[in-house]
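Input: a single structure, listed below in structure tokens.
Protein chains: 2
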Amino acid sequence: MPSYKAPLRDTRFLLNEVLDFPSHYQNLINGGEATPDIVDAILEECAKLCEDVIAPLYHSGDEEGCHLQDGEVRTPKGFKEAYAAYIAGGWQGLSHPVEYGGQGLPMSLGALKQEMLGTANWPFAMYPGLSLGAMNTIMQHGNEEQKNTFLPPLTEGRWAGTMCLTEPQCGTDLGQVKTRADVNADGSYALTGTKIFISSGEHDLTENIVHIVLARLPDAPKGTRGISLFIVPKFLANPDGSLGARNGVTCGALEKKMGIKASSTCVMNFDAATGYLIGPPHKGLECMFTFMNSARIGTAIQGVATAELAYQGALAYARERRSMRSLSGTKEPQQVADSLMHHGDVRRMLLTQKAIAEGGRTLVYLATQYADKMIEGMLVNDQTQYAHWDDKLGFLTPILKGCLTELGLESANLGMQVFGGHGYIKEHGMEQIARDARIATLYEGTTGIQALDLLGRKVLLMTQGKAVRDFTRELNTLAWSLLKEEPQMRGKALTLLRLSAQWNLLTLRIALRARKQRDLVSTASHDFLMYAGYVALAWSWLLQERTARQKLRAGGQDSPEFYRAKIATSDFYFQRLLPRAKGHASAMLKPIGSIMDLPGEHFAFE
Amino acid sequence: MPSYKAPLRDTRFLLNEVLDFPSHYQNLINGGEATPDIVDAILEECAKLCEDVIAPLYHSGDEEGCHLQDGEVRTPKGFKEAYAAYIAGGWQGLSHPVEYGGQGLPMSLGALKQEMLGTANWPFAMYPGLSLGAMNTIMQHGNEEQKNTFLPPLTEGRWAGTMCLTEPQCGTDLGQVKTRADVNADGSYALTGTKIFISSGEHDLTENIVHIVLARLPDAPKGTRGISLFIVPKFLANPDGSLGARNGVTCGALEKKMGIKASSTCVMNFDAATGYLIGPPHKGLECMFTFMNSARIGTAIQGVATAELAYQGALAYARERRSMRSLSGTKEPQQVADSLMHHGDVRRMLLTQKAIAEGGRTLVYLATQYADKMIEGMLVNDQTQYAHWDDKLGFLTPILKGCLTELGLESANLGMQVFGGHGYIKEHGMEQIARDARIATLYEGTTGIQALDLLGRKVLLMTQGKAVRDFTRELNTLAWSLLKEEPQMRGKALTLLRLSAQWNLLTLRIALRARKQRDLVSTASHDFLMYAGYVALAWSWLLQERTARQKLRAGGQDSPEFYRAKIATSDFYFQRLLPRAKGHASAMLKPIGSIMDLPGEHFAFE
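Chains C and U are the protein sequences, given in the same order. Residue numbers for the first sequence follow the numbering used here, so the first one is 2 and each next one is one higher. Residue numbers for the second sequence follow the numbering used here, so the first one is 2 and each next one is one higher.
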């Protein structure tokens with residue numbers, strides 16, 4: 002059974018040494034409180050909560066699952082108490098405004114908290130996580146009354162929230178949404194319809210649940226331009242904030258899933274449920290999309306969380322399990338066999354996990370810096386600043402969501418693989434990580450949707466390739482400075498320069514050919530996404546390696562081994578994982594015919 | 002819920018058109034009965050049994066699982082009846098000698114049967130499948146009495162068999178086996194110890210279960226050279242063949258697993274259980290290894306089975322589910338949205354599954370031809386023939402076991418991916434395929450063990466690279482004939498020639514460097530294995546495409562579309578999947594330091 006230990010050394014390395022969060026916070030309008038001392042205290046306290054209270058419920062939560070009885074969902078044993086401890090610590094409002102009861106700290110600190118929470122116990126973390134989506138939506142699009150009614154209890158964590166998008170006939174294609182919102186006499190709406198796959202749709206952790214629901218007004222145009230957004234609370238709120246009548250929204254069933262069994266996934270029935278329009282009529286999808294990036298970064302975190310937890314489990318096992326002798330001669334002659342740590346292929350698997358977890362973590366933290374600055378732009382009402390960081394975040398988001406969840410799943414599978422047959426047995430806990438990780442490439446937009454969002458929308462449609470040029474400019478800047486300052490990193494810096502050039506060239510060629518062959522955007526998108534992911538991870542490893550080398554040169558560190566391990570992992574990444582980008586580069590520009598030409602009816606013959 | 006339909010058109014294409022099984026059987030000493038008519042009747046009947054009786058139990062078997070009560074294991078509802086139908090049809094003895102009640106047909110037909118059975122319901126197929134391993138062991142190493150006692154009821158299927166190798170402290174490293182065999186007064190042995198992960202160790206399908214057990218004689222040398230093989234029946238056999246006393250071998254527990262839940266995975270306790278030595282003392286591992294190849298080909302079949310079943314499920318869904326519009330313009334204007342079949346990335350996923358299923362099937366059928374000829378060598382006592390085909394099979398085996406199970410898992414995951422969020426929900430059945438597929442890269446030797454077996458043992462140690470030269474010679478022969486005869490395949494033929502040359506060069510370079518750096522064998526092995534797999538699949542697609550082109554030229558076919566689909570899939574494979582080999586080629590020769598140098602204690606820091 003893997004036991005979670007927050008990787009604080011790595012987190013501090015990234016925050017303080019690689020990405021200079023102290024200066025970042027100092028310069029941030031809402032970052033003044035986030036002094037190094039405070040951040041460190043937050044990390045320590047959060048780690049303690051996650052390690053001691055939340056992680057121990059990971060396996061038992063999977064075994065027990067959620068249960069629906071008489072319309073109420075019972076979460077697994079211990080979840081209520083753990084959630085109570087979580088909100089008692091004020092964790093839910095960490096990055097939300099003081100005026101609603103939050104601590105007003107930057108969003109990036111909330112993401113750090115979500116990472117620890119999610120690594121300790123992803124299904125548990127989904128309850129407060131989904132709530133954050135609802136809170137953000139209300140904060141950005143709600144009117145004053147809505148904010149005053151719903152944000153305080155949500156920020157406190159006394160209430161929870163959900164996002165109700167998917168219906169049986171549509172998930173990705175939300176233009177097909179059928180849920181109807183009729184106008185009530187009092188100006189509220191009566192929502193009728195069925196939503197599926199609603200995470201945290203019903204549970205016993207909070208006294209109320211606030212659903213954010215996509216539905217159609219009676220006069221709505223067809224398709225995506227006729228969808229509006231509503232707040233539909235489980236219990237109506239009285240003006241004094243107390244709970245009023247039970248609303249007509251109920252959980253009809255719990256989905257039986259491959260994993261994340263402790264997270265309730267609900268079929269939600271809306272039966273003339275009272276709802277309040279949020280944002281302008283028919284603009285529901287646009288309102289949703291303003292928060293899609295943060296929800297997707299939230300899911301990217303699952304990739305990192307999975308890789309980390311599976312790595313911790315596999316490493317502990319590899320150190321203790323003994324099998325065969327090392328190929329280069331017996332390493333532990335006093336033992337019956339050498340530990341798995343002496344076998345090259347096991348090390349390859351562990352280093353793959355390590356490179357993914359730590360490289361992915363770097364990229365996620367970087368993305369949360371962008372988010373901090375984007376939110377600052379919103380707070381100070383600087384549209385240019387907002388747009389600048391929103392663009393940067395928007396480009397990185399599908400890469401992280403798409404790639405890190407795929408690689409997180411790979412890491413989870415490698416974790417099982419290190420355990421051999423024992424990896425397949427429930428009691429060792431590794432197979433749960435793989436089952437739980439499996440959802441990450443599906444929800445919040447499948448990998449295919451991320452790939453289309455990246456290539457079709459962010460790169461081609463919105464920026465005509467400029468997004469890639471901007472991103473690779475940063476890579477080149479780093480590479481050139483390494484060429485000057487880090488002679489031992491010369492080879493890697495040149496590799497990064499070559500990748501930058503190649504990526505721009507690939508983008509240009511796709512753009513030119515896609516003018517005549519629109520399907521190329523789709524046939525190339527997956528390889529384009531994965532290629533982007535491997536390049537972004539290469540960048541993250543150069544950032545880490547540069548800092549490690551600087552620190553080693555400066556000397557006086559208490560753990561030079563930590564920095565040497567960073568350099569070793571960077572070597573591993575460049576030598577063993579980055580070559581995969583070659584395959585993707587080679588595949589993406591192949592003629593579309595090999596994918597598009599085969600008639601649908603000829604895919605199988607009897 | 003995917004419903005299984007045996008892909009008979011593809012099977013017939015491979016048997017009759019690509020691999021010329023009719024001539025193969027005609028030339029085979031035990032192939033005379035396997036006339037095209039008979040083979041066809043077998044295919045039809047087997048398909049019927051699998052589609053109508055066995056496949057319908059796939060999902061319910063997973064839901065119900067196996068249950069242990071008072072030492073007896075109850076298989077899921079319907080399994081007993083299905084197994085009874087299976088043995089009533091004489092299927093268990095299909096490829097086993099007539100003198101023991103079998104039908105005496107070539108081994109390849111037995112593998113075809115296992116493929117259908119396993120695609121319909123892998124956990125069910127494991128019961129008769131494990132039995133085959135026990136039968137083969139007794140047939141090759143048992144004495145006359147043992148054969149006469151155990152083979153008839155096993156061949157009939159009235160009894161089942163198992164292989165008991167793994168113990169809690171060792172799976173791969175069988176030198177650590179502790180189970181003890183003490184000598185009884187009557188010349189039999191008393192076995193004491195615990196075995197784990199014993200598939201079909203206990204169940205209610207048959208009246209008796211015959212365990213093949215690895216254990217140590219009292220005077221056994223340490224390590225792998227002190228292990229002997231024993232037959233330990235659940236019920237002792239009376240001289241008249243009736244069941245005698247209950248033996249001291251019992252199921253202590255059932256493992257709770259990620260998948261294959263309908264297959265009983267048992268902890269088996271041997272408590273002075275009566276056993277009979279089979280084969281020479283201390284030569285147990287060697288006896289086991291003679292059948293390792295066939296057991297591993299059996300597992301390679303799971304990769305094909307998984308890819309096929311997940312493909313069938315995903316294809317049906319992609320045809321029926323509607324989402325968004327095609328990038329190249331609306332394809333089904335009368336519908337609310339276009340079907341998934343019109344989206345490039347969905348097609349990419351489906352074609353990946355198709356290329357893996359059909360390419361893998363080709364390689365497995367080819368391997369069973371080798372096995373037929375190897376067995377013929379044994380039957381006619383021609384050691385040269387035996388060794389020749391054993392070598393060829395031995396080279397192909399780890400490639401197929403290692404690669405096809407990894408790619409089968411990828412296909413299963415793609416199957417879920419095509420379903421989007423629905424893929425994660427149990428009722429759609431796709432997640433079960435992924436869970437069941439997950440075992441395949443772990444048992445019968447993990448992927449890492451296959452990689453070491455291929456590179457370390459078969460290529461370097463046993464043949465000093467000759468195995469690769471021999472294999473690539475066949476590839477080159479095909480490529481040169483294509484250059485002459487199939488001008489449209491020129492590009493692909495040249496690619497194969499280049500890959501052949503590259504593979505030999507890579508092997509040579511590894512061999513030279515591994516002399517000084519033994520760990521290179523381990524650090525390179527995974528990439529070497531996967532590279533080999535992609536090259537072998539390229540070969541399989543050229544074999545299929547050549548036949549398809551010949552047939553189209555000859556004309557007069559009832560389904561030219563079938564052949565065109567083959568060519569399209571071959572194009573897809575070469576353009577979209579084969580490029581992955583580049584990444585592996587590039588990674589495998591990187592310095593061992595990036596894997597071996599990081600001290601074990603520096604893999605993580607607090």
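Built from N, CA and C at the ideal position, the CB exists for glycine as well.
In this structure, the CA atom of C:L316 is about 42 Å from the CA atom of C:L152.
Judged by DSSP secondary structure, U:T496 falls within the alpha helix (DSSP H) whose first and last residues are R491 to K517.
Between the alpha carbons of U:L443 and C:K258 lies a distance of about 23 Å. At the C-beta level, C:G102 and C:E157 come within 8 Å of one another. Under DSSP, C:L244 forms a beta bridge with C:A238. In the three-state reduction of the DSSP assignment, C:C404 falls in the helix class, which pools H, G and I. Not a single CB atom of chain U sits nearer than 8 Å to the CB of C:E546. The continuous stretches of beta strand (DSSP E) do not include C:L58, and DSSP gives it neither H nor E.
Residue range E73 to R75 is occupied by the beta strand (DSSP E) that includes U:R75. A buried status is given to C:P77, since no fewer than 16 other beta-carbon atoms sit within 10 Å of its beta-carbon. The beta-carbon of C:P580 is placed less than 8 Å from the nearest beta-carbon of chain U. C-alpha of U:T548 to C-alpha of U:I568: approximately 10 Å in a straight line. As the crow flies, the alpha-carbon of U:C267 is around 17 Å from that of U:A274.
Within the model, the alpha-carbon separation for U:P219 versus U:S229 is close to 11 Å. Chain-order list of chain U residues neighbouring C:D174: R323, S324, M325 and A338, by C-beta distance under 8 Å. A distance of 8 Å or more separates the beta carbons of C:R362 and U:Y425.
Between U:I298 and U:A368, the CB-CB gap stays under 8 Å.
Burial check for U:R516: the Cβ neighbour count within 10 Å stays below 16, so the residue is exposed.
In summary, C:Q418 is buried, with 16 or more beta-carbon neighbours lying within 10 Å of its beta-carbon over all protein chains present. Closer than 8 Å to the CB of U:F529 there is not a single CB belonging to chain C. In chain order, S4, Y5, A121 and N122 place their CB closer than 7 Å to the CB of C:A56, counting only its own chain and leaving out the 5 sequence neighbours on each side. Interface residue (Cβ-Cβ distance to chain C less than 8 Å): U:A254 is not classified as such.
Ranked by how close their Cα comes to the Cα of C:V184, the residues C:L328, C:P37, C:A216 and C:T167 have C:A216 in first place. Contact annotation: in the region 440 to 454 of chain C, residues whose CB is within less than 8 Å of a CB in chain U are I440, T442, L443, Y444, T447, T448, G449, A452 and L453. Annotation: the continuous beta strand (DSSP E) that includes C:H68 extends over H68 to Q70. The shortest C-alpha to C-alpha distance from C:T251 to any of C:L394, C:E73 and C:F290 is the one to C:E73. For U:N209, there is no enclosing alpha helix (DSSP H); the enclosing beta strand (DSSP E) has its first and last residue at N209 to A216. For the pair of segments examined, the region 397 to 409 of chain C was found not to touch the region 475 to 483 of chain C: the number of CB pairs separated by less than 8 Å stays below three. Contact between the region 563 to 578 of chain U and the region 597 to 606 of chain C is present: three or more C-beta pairs spanning the two stretches fall below 8 Å. Secondary structure of U:F290 (DSSP, three-state): helix. Comparing alpha-carbon positions, the option among U:T398, U:V381 and U:A372 lying closest to U:W390 turns out to be U:A372. Under the 8 Å Cβ criterion, the region 372 to 384 of chain C counts as touching the region 88 to 108 of chain C, having at least three qualifying pairs. In the displayed model, C:E46 falls within a helix according to three-state DSSP. Taking 9 Å as the upper bound on Cβ-Cβ separation, chain C lies near no residue of the region 227 to 254 of chain U. Among the residues facing chain C, U:I357 is not included, as its CB has no counterpart in that chain under 8 Å away.
Look at C:L410 here: in three-state DSSP terms it is helix.
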